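Input: a single structure, listed below in structure tokens.
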Amino acid sequence: MALSRINEAGLNVNQYGNRNVIINGAMHVNQRGTKTINTSVTAVYGPDRFRINAGGVLDNFVGTIAQDSDVPSGSGFSNSLKITTTTAESAIEAGEYVYLHQTIEAQNVQQLAYGTSSAKKVTLSFWVKSTITGTFALGLYKPDSTAQIHVKTYTISSASTWEYKTITFEANALSGGAIANDNGAGIEVAWHLAVGSTYKGTDTSSSWANYSNAAWGNGQGTDAVITTTNATFQITGVQLEVGDTATDFEHRSFGDELQRCQRYYQFYGKAASTVLVGGSAAASGDQFTGWMPYPVVFRATPTFTKNGTWQLSNCSQPNGLFGNSQGVTLYAAAGGAGNWYFHTNGTDDYLEMDAEL
Numbered sequence: 031m032a033l034s035r036i037n038e039a040g041l042n043v044n045q046y047g048n049r050n051v052i053i054n055g056a057m058h059v060n061q062r063g064t065k066t067i068n069t070s071v072t073a074v075y076g077p078d079r080f081r082i083n084a085g086g087v088l089d090n091f092v093g094t095i096a097q098d099s100d101v102p103s104g105s106g107f108s109n110s111l112k113i114t115t116t117t118a119e120s121a122i123e124a125g126e127y128v129y130l131h132q133t134i135e136a137q138n139v140q141q142l143a144y145g146t147s148s149a150k151k152v153t154l155s156f157w158v159k160s161t162i163t164g165t166f167a168l169g170l171y172k173p174d175s176t177a178q179i180h181v182k183t184y185t186i187s188s189a190s191t192w193e194y195k196t197i198t199f200e201a202n203a204l205s206g207g208a209i210a211n212d213n214g215a216g217i218e219v220a221w222h223l224a225v226g227s228t229y230k231g232t233d234t235s236s237s238w239a240n241y242s243n244a245a246w247g248n249g250q251g252t253d254a255v256i257t258t259t260n261a262t263f264q265i266t267g268v269q270l271e272v273g274d275t276a277t278d279f280e281h282r283s284f285g286d287e288l289q290r291c292q293r294y295y296q297f298y299g300k301a302a303s304t305v306l307v308g309g310s311a312a313a314s315g316d317q318f319t320g321w322m323p324y325p326v327v328f329r330a331t332p333t334f335t336k337n338g339t340w341q342l343s344n345c346s347q348p349n350g351l352f353g354n355s356q357g358v359t360l361y362a363a364a365g366g367a368g369n370w371y372f373h374t375n376g377t378d379d380y381l382e383m384d385a386e387l
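Numbered by the numbering used here, the letters in the sequence shown go through residues 31 to 387 in order.
So this is what it looks like as structure tokens:
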């Protein structure tokens, strides 16, 4: 029997994949575990691709960013990102700020056609839950060429209640708005949790504008998440898509999201004997190397870090050299003739590769 052609015009757009340019919007992947941010550690990642940043001279603030199992009922999500203020900042001063963000790779947002007459609107949708109510600022920031910004606001109406938000951002047809087709930073999506007066004032809620400090937190009504002990802020179901309408969240498999995340961050180890390398030495001081390919090619050559004190036999602590986006060479020096090996000894022992934007 002959097959008839499918009429694509009759299909619902929700049936098409790759609408969501946010990675790990359902907070599936959490390679780093729970992290602490404070006055000396001012930028950390929580669930993959989402980072919290603090700036200015914060005096007291301590918080955590973690994966959590609390989600909107019936939403189909299993995880959320949760920020908890464990030690409150007494007040947010002029030059201080705290925000959560994801930076999207430039070559993944070429469809926006920014800087041209064909530039497109985008819509951000997400679930949010906070112990603090009020008006919060949320913005898009474009660092390429001429730095530009577009900030909107949204309202959290009920404390400790999941609420669904959709926000449409205007098309960016400004001169200097083009996003280079490369592996650098294209668009940053930022949820502002505290904004000092230095970053308020310029209204960019109706359109894109050339960047200024004063545009960051326009409309921010409360800094209370950061100035209230035990305050919490959670999000999940984050989606950014072309157009002026939010569609149903594009659920992707854990494996799919993990591979997308591993383009920016990977680790080996974090358990006993999960990385084991060994051999035989002819004499003391012999250098032994082996190529370790990455399961996913990185965005760029990552920073390589060996963490912890590994278990050794007849060799030095391992390290990495001659790395690129596809893998790294591990090496160690033999302590004498005979067999040698090194392996991880527990959760603090691991290799970490970071090519985040």
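Quick reminder that beta carbons are idealized off the backbone N, C-alpha and C, glycines included.
Every value quoted in this text rests on a predicted model; they were computed, and no experiment measured them.
Distances from the alpha-carbon of Ala-84 to those of Phe-91, Ile-95, Thr-72 and Ala-149 put Thr-72 closest.
If only uninterrupted alpha helix (DSSP H) runs of at least 4 residues are considered, none is enclosed by the stretch 81-120. The beta carbon of Gly-247 sits closer than 6 Å to those of Ala-167, His-222, Val-225, Tyr-229 and Lys-230, all from its chain and outside the five residues before and after it, given in chain order.
The beta carbon of Gln-292 lies closer than 7 Å to those of Pro-325 and Val-326 in the same chain, with the five residues before and after it left out.
For Ile-256, no beta strand (DSSP E) segment is defined; the enclosing uninterrupted segment is the alpha helix (DSSP H) at 254-257.
If you draw a straight line from the Cα of Leu-111 to the Cα of Gln-341, it comes to about 34 Å. Boundaries around Asp-286 are those of the alpha helix (DSSP H), 284-292, since no beta strand (DSSP E) includes it. In this structure, Pro-77 is the residue among Thr-335, Tyr-380, Pro-77 and Pro-102 with its C-alpha nearest to the C-alpha of Ile-113.
Residue state for Asn-349 is assigned as strand, using DSSP reduced to three classes. For Gly-247, there is no enclosing beta strand (DSSP E), as DSSP marks it with neither H nor E.
Residues Ala-136, Ala-208, Ile-209, Ala-210, Gly-214, Ala-215 and Gly-216 of the same chain have their beta carbon placed closer than 8 Å to that of Asp-174, with the five preceding and five following residues left out of the count.
Linking Phe-297 to Ser-147 through their CA atoms gives a straight-line distance of about 43 Å. For the stretch 171-211, the continuous beta strand (DSSP E) assignments of 3+ residues that do not extend past its boundaries occur at 178-186 and 193-199, in sequence order. Gly-308 is bridged by DSSP to Tyr-371.
Excluding its 5 nearest sequence neighbours in each direction, Gly-366 has C-beta neighbours in its own chain below 8 Å: Ala-311, Ala-313, Ser-314 and Asn-344, listed in chain order.
Distance check between Lys-182 and each of Trp-192, Thr-196 and Ser-188 places Thr-196 closest, using alpha-carbon atoms only. When rounded, the separation of the alpha-carbon atoms in Thr-161 and Pro-323 is 45 Å. In chain order, Val-51 and Gly-216 place their CB closer than 8 Å to the CB of Asn-138, counting only its own chain and leaving out the 5 sequence neighbours on each side. The stretch 343-361 makes contact with the stretch 370-385, as at least three CB pairs between them are under 8 Å.
By the Cβ rule, the stretch 274-284 does not count as touching the stretch 119-137, because fewer than three pairs are nearer than 8 Å. C-alpha of Gln-289 to C-alpha of Glu-218: approximately 21 Å in a straight line.
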